[in-house]
Amino acid sequence: MIKMKLESYACPFTFKNSDEAIARFPFPFKSNEYMYYVDVKPYIKGPIGSPYEHLIDVDEHYISEVYERRRILEQDRSRYGALSHMETAQWDALEYIMINLSRDYPGYFSLETCGPEWIWRNNLLNISNKFKFGDCATLTMGPLEYITRQCQGDFFILDQRDNNLYLDAGMITFAADFSAQFDFGMSFHEIHGPVPLAHEMGVYDRVLSVLLNLRIEEPLQRLNWTLTIFPMLDTSTEQYHQWGINRSFVTCDNAGEIVFLRVELQTFTRLPRSNSLMLTTRTYLLSLNDLASNHEWLSNFYSIMRSLNDKISEYKGFAKYRNDIIVWSERRLNQ
C-alpha cells in the first residue's frame, strides 16, 4: 500500500519527498551533456515500484495533486477544454484511464461493466458512480474532465487529421511555462514553435512522423525536464505574475533548498475509437538538496549545467540563476 501524504504546492509550501520517492525519481540524464534529439521510445514495463511499472503512475503525492488540480480549476476553468468533435476521444480516454487504474491499483480503484452500464469506484477520494458509457448526461461533467480530476499529471488529447496533430482537448493544470488556453486548437508544430534549436535540427518533424504512425497498444514514452523555484506544479503563463519573480530569489547559498528539478514522464497512447493521440505528462519534483543525496546524479547534473547550450537555459527559464546552481553544485561535490 502507498502511504499517501497531504501537502501544499502553493505558499506556504509543505511538499516533501519521502526517501522512497527520492529513490524512484525518474532522473532524466544519461550522460554529461544534453541536447535535443528524437528521444521517444517504446514503453517497457519497469521494475516494481518504479514510475515505469505502470502506464499511469500513482504515488504518495496523489491526494495532494488531485486537491491542487481542484484548487486551480476553481480559480481558472480555462485549464480544461474540449472541442465538440472530441466527445468520442473523451470516452476513449476515460475508458483507458479507468481500465489501467483499476487493473494496476485494485486496492484503490475498481471498475464494473455490464454492457454500457459501468460502475466506477475511487476509494482514495470516496467516489462511487454508476453511468452509461457513451452517454454524457449520466455523468456530472464531461468524460475527460470527470476522470482527469481523479488523476495526477496533465492530459493532452490530440486529434489526428490532415497529416498533423491538433490539441483539441485536454486537462492541463500543471503547465510548465506555457498557456493551455493559448495552445488549445494549435497544431503540433505551432505548439512547439518557441523551442530553440530543435526545429533547425529537424527534431519535431521526425517526432511528428513517429507519432502519426503510432499504433494502438504500442505506447511510447520520453522524459522532459526543466528547473523551477519552490515546489510549484502550476507554473503556467497565466500565473507568471505569481512565480516569475521567484527566479530572482536564487543564490548559490539557497539553491539546494528552493530550486527543484522538474521532470515530466510523457506517455503517448493511440486511442482506439477516435484514433486520437493521448499524451499524459506526469510531473515529478526533486529539490537540489534531495538530488545531491545521490552523488552520481549530482555529478551528472553539474556537468550538464556547465555544458548546456545558452539558448536552452534561456528557453527553460533558468539562465538568470544558472551560475548560482553551478557554484552550489560544485560546493556540494567537494564536500
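Residues in the sequence shown are numbered from 1 upward in steps of one, following UniProt numbering. For glycine and all other residues, C-beta sits at the position ideal for the given N, C-alpha and C.
Please report the residue range of the alpha helix (DSSP H) in which Gly-256 lies.
255-258
Count Cβ pairs between the region 5-16 and the region 61-79 that sit closer than 8 Å; are there 3 or more?
Flag = yes, the region 5-16 and the region 61-79 touch.
Exposed or buried, what is Glu-68 when buried is set at 16 or more other beta-carbons lying within 10 Å of its beta-carbon?
Looking at its Cβ environment, which holds 16 or more other Cβ atoms inside 10 Å, Glu-68 is buried.
Which full runs of the beta strand (DSSP E) of 3+ residues lie inside the region 138-182, going along the chain?
154-161, 164-171
Is the Cβ-Cβ distance between Thr-267 and Tyr-105 less than 9 Å?
In this structure, Thr-267 sits away from Tyr-105, with a CB-CB distance that is not shorter than 9 Å.
Local conformation of Val-207 per DSSP, three classes
helix
Could you compute how far the alpha carbon of Met-35 sits from the alpha carbon of Ala-176?
Rounded to the nearest whole angstrom, the CA to CA distance from Met-35 to Ala-176 is 19 Å.
State the DSSP-derived secondary structure class of Gln-335, mapped to helix, strand or coil.
Three-state result, Gln-335: coil.
Glu-117: first and last residue of the uninterrupted beta strand (DSSP E) it sits in
117-122
By how many angstroms is the C-alpha of Thr-173 removed from the C-alpha of Val-58?
17 Å
Which residue marks the beginning of the alpha helix (DSSP H) containing Ser-110, and which one marks its end?
It is not in any alpha helix (DSSP H) - Ser-110 instead sits in the beta strand (DSSP E) that spans 109-114.
For Met-305, count the other beta carbons within 10 Å of its own beta carbon; 16 or more makes it buried, fewer makes it exposed. Which is it?
buried
When you compare each of Phe-15, Lys-16, Phe-13, Ala-21 to Ile-2 by their alpha carbons, which one comes out closest?
Out of Phe-15, Lys-16, Phe-13, Ala-21, Ala-21 has the C-alpha closest to the C-alpha of Ile-2.
Can you find at least 3 beta carbon pairs, one from the region 117-125 and one from the region 68-85, that sit closer than 8 Å?
no
Might you give, ordered along the chain, the residues of its own chain that have their beta carbon closer than 7 Å to the beta carbon of Gly-107, omitting 5 neighbours on each side?
Closer than 7 Å at the Cβ level, and outside the excluded window around Gly-107, lie Met-1.
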